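**Q**
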Amino acid sequence: MREFVFFINKGIIAGLIIGSIYALGAVGVTLVFGILRFAHLAHGDMMTTGAFIALVLTALLPGAGALVGLPTAFVLMPIAMALTALLAIVLDRWFYRPLRQANVRPVTIVMASVGVMLMMQGLIRLVFGTGTRPLYVGAKDIYRLPVGDGFIVVTEPQVLLFVFTALCIVALHFFLTRARLGKAMRAVSDNADLARVSGIPTEHVVRATWIIGGALAAAGGTLLALDVTLKPDLSFNILLPIFAAAIVGGIGQPYGAVAGGLVVGFTETLAVFNWAILLRPLKPFLPDWVELPTQLALVPTEYKIVIPFFILVAVLIWRPTGIFRGSVIK
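Under this note's numbering, the first residue of the sequence shown is numbered 370, with each subsequent residue one higher.
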């Protein structure tokens, strides 16, 4: 039972944590691609920027969390989400919209997003330095659920991450299927020219896309920094996984992005998990000459970043449309 509880903590819960982060980031990536038809490579840095905005707000209002009994950064996260959404709109207005109006090729806009990415990375390091900062104020609350001889352990930021991700998925579903603007986004994604001649305000749709993508990026970055630590290169290790999640789920499919994020998160976690631990209960039933391995991971931990890249290549080869056959928002 101890080995099984260890697997739940280090395999299931850890995969769900990182998968939820990837899902929040991948939704923004897939929305931008579905509406604007280009890969926004600066999305990871928007997640980092949102987390640093939450850090500044936490420093300005350190007692805000105590009023409701939640982490200060989480309480102030809606403000960080709003400011990051505003930043996304400004970036579109200054960098991407002039290129769209000039009818340049999508690859040109992708290259512009690389420039925006480098600019944001430089500004973050210039303003906040290169050190690591804690975003969670005080000691983290730890919840232990007894199971057999062990405990299933989750922290307060992890519980908040699970709940927030679930609420976002439900809210996004109702927005895309019930709200007028959500239906307009689906129409623009399906055929932008037809939507435009039908009277749909495409600029409003573009603005809504950046608002949703920027807000979820800030939430994902903040919740990740609450669970671990905040550093300027936070986006370096999550950019490839969130793109892999978007492609695995089906590019342009918000629901697919959520599923893809969980798939990539669980695959990445289970690939570095030491499966030899689950074999330990078999030792008394095996002959003495049989030696169980002490390490049995599919991939060494230092090569963990390779897993999303492998998934990305495999999906592009065997199922380019992804799990949900993506191309437009449905």
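Built from N, CA and C at the ideal position, the CB exists for glycine as well. Fair warning: this is a prediction, and the values are worked out from it, not measured in the lab.
What does the alpha-carbon distance come out to for the pair G419 and A584?
**A** Roughly 8 angstroms between the two C-alpha positions.
**Q** Would you give the residue range spanned by the alpha helix (DSSP H) that T534 belongs to?
**A** Its alpha helix (DSSP H) spans residues E525 to R547.
**Q** The alpha helix (DSSP H) that contains L514, what's its start and end?
**A** Run containing L514: none in the alpha helix (DSSP H); it sits in the beta strand (DSSP E), I511 to V516.
**Q** Excluding the 5 residues flanking T524 on each side, which residues of the same chain have their C-beta closer than 8 angstroms to its C-beta?
**A** Around T524: K509, D510, I511, Y512 and D596.
**Q** What's the call for Q527, buried or exposed, on a 16-neighbour Cβ count within 10 Å?
**A** By the 10 Å Cβ count, Q527 comes out buried.
**Q** In whole angstroms, what is the alpha-carbon distance linking I422 and L385?
**A** C-alpha separation (whole angstroms): 25 angstroms.
**Q** So, at 6 angstroms on beta carbons, what are the nonlocal neighbours of I580 in its own chain, with the 5 sequence-adjacent residues on each side left out?
**A** Within the same chain, I580 has close Cβ partners A454.
**Q** Mapping DSSP to helix, strand and coil, what is R502?
**A** DSSP places R502 in strand when its eight states are reduced to three.
**Q** Rounded to a whole number of angstroms, what is the C-alpha to C-alpha distance between V697 and I620?
**A** Low confidence applies here, because V697 scores a pLDDT of 48, under 50, leaving its location unreliable; read the following figure in that light. Going by the C-alpha atoms only, they are around 7 angstroms apart.
**Q** For V444, which three-state DSSP category applies?
**A** Here V444 sits in helix by DSSP.
**Q** Thinking just about the alpha-carbon of each residue, which of V627, D518 and W658 is nearest to the one in T399?
**A** Nearest option by C-alpha distance: V627.
**Q** Helix, strand or coil, according to DSSP, for V522 in the structure here?
**A** DSSP places V522 in strand when its eight states are reduced to three.
**Q** Let me know if P610 comes out buried or exposed under the rule of 16 or more other beta-carbons within 10 Å of its beta-carbon.
**A** Buried, since its Cβ has 16 or more Cβ neighbours within 10 Å.
**Q** Rounded to whole angstroms, how far is the Cβ of L726 from the Cβ of M370, which I believe are closer than 8 angstroms?
**A** Since the first and last residues shown for the chain are 370 and 699, residue 726 lies out of range.
**Q** For F376 and T441, what's the separation of their Cα atoms in angstroms?
**A** Roughly 31 angstroms between the two C-alpha positions.
**Q** Taking the C-alpha atoms as reference points, what is the distance between F605 and F654?
**A** Answer to the nearest angstrom: the Cα atoms are 46 angstroms apart.
**Q** Determine, using beta carbons only, whether L530 and L592 come nearer to each other than 7 angstroms.
**A** Yes.
**Q** Do the segment 424–436 and the segment 556–572 meet, that is, are 3 or more Cβ pairs less than 8 angstroms apart?
**A** Flag = no, the segment 424–436 and the segment 556–572 do not touch.
**Q** Going along the chain, which residues of its own chain have a beta-carbon closer than 8 angstroms to the beta-carbon of L405, five neighbours each way excluded?
**A** So the qualifying residues of the chain are Y465, R469, I478, V575 and T578.
**Q** Go ahead and label T636 buried or exposed: buried means 16 or more other beta carbons lie within 10 angstroms of its beta carbon, across all protein chains shown.
**A** So T636 counts as buried.
**Q** Ignore the nearest five residues each way along the sequence and tell me which others in T499's own chain have a CB closer than 7 angstroms to its CB.
**A** Closer than 7 angstroms at the Cβ level, and outside the excluded window around T499, lie P601.
**Q** Considering just the uninterrupted stretch of the alpha helix (DSSP H) at W687, what are its terminal residues?
**A** It spans V675 to W687 - the alpha helix (DSSP H) in which W687 sits, taken as one unbroken run.
**Q** Is the beta carbon of V633 less than 7 angstroms from the beta carbon of P677?
**A** It is a contact, given that the beta carbons lie within the stated cut-off.
**Q** Here's the rule: buried if 16 or more other CB atoms are within 10 angstroms of the residue's CB, otherwise exposed. What is I686?
**A** I686 comes out exposed.
**Q** Where does L661 sit, in a helix, a strand or coil, going by DSSP?
**A** Looking at L661 - three-state DSSP - the assignment turns out to be coil, as it is neither helix nor strand.
**Q** Who are the near neighbours of G413 in its chain, counting only those whose CB is closer than 6 angstroms to its CB and skipping five residues on each side?
**A** Cβ neighbours of G413 beyond the five flanking positions: S604, I607 and L608.
**Q** In its own chain, which residues sit with a C-beta less than 7 angstroms from the C-beta of L426, not counting the 5 before and 5 after it?
**A** Excluding sequence neighbours, L426 sits near L445, I448 and A449.
**Q** Taking the Cβ atom as the reference point for each residue, do G397 and A586 lie within a distance shorter than 7 angstroms?
**A** Yes.
**Q** What residue ranges within the segment 560–639 form continuous alpha helix (DSSP H) runs of no fewer than 4 residues, ordered along the chain?
**A** For the segment 560–639, whole alpha helix (DSSP H) runs of length 4 or above, ordered along the chain, are 561–566, 571–596 and 608–618.
**Q** Just checking my contact of T501 with T598 at CB under 8 angstroms: how many whole Å lie between their CB atoms?
**A** 5 angstroms between Cβ atoms; contact.
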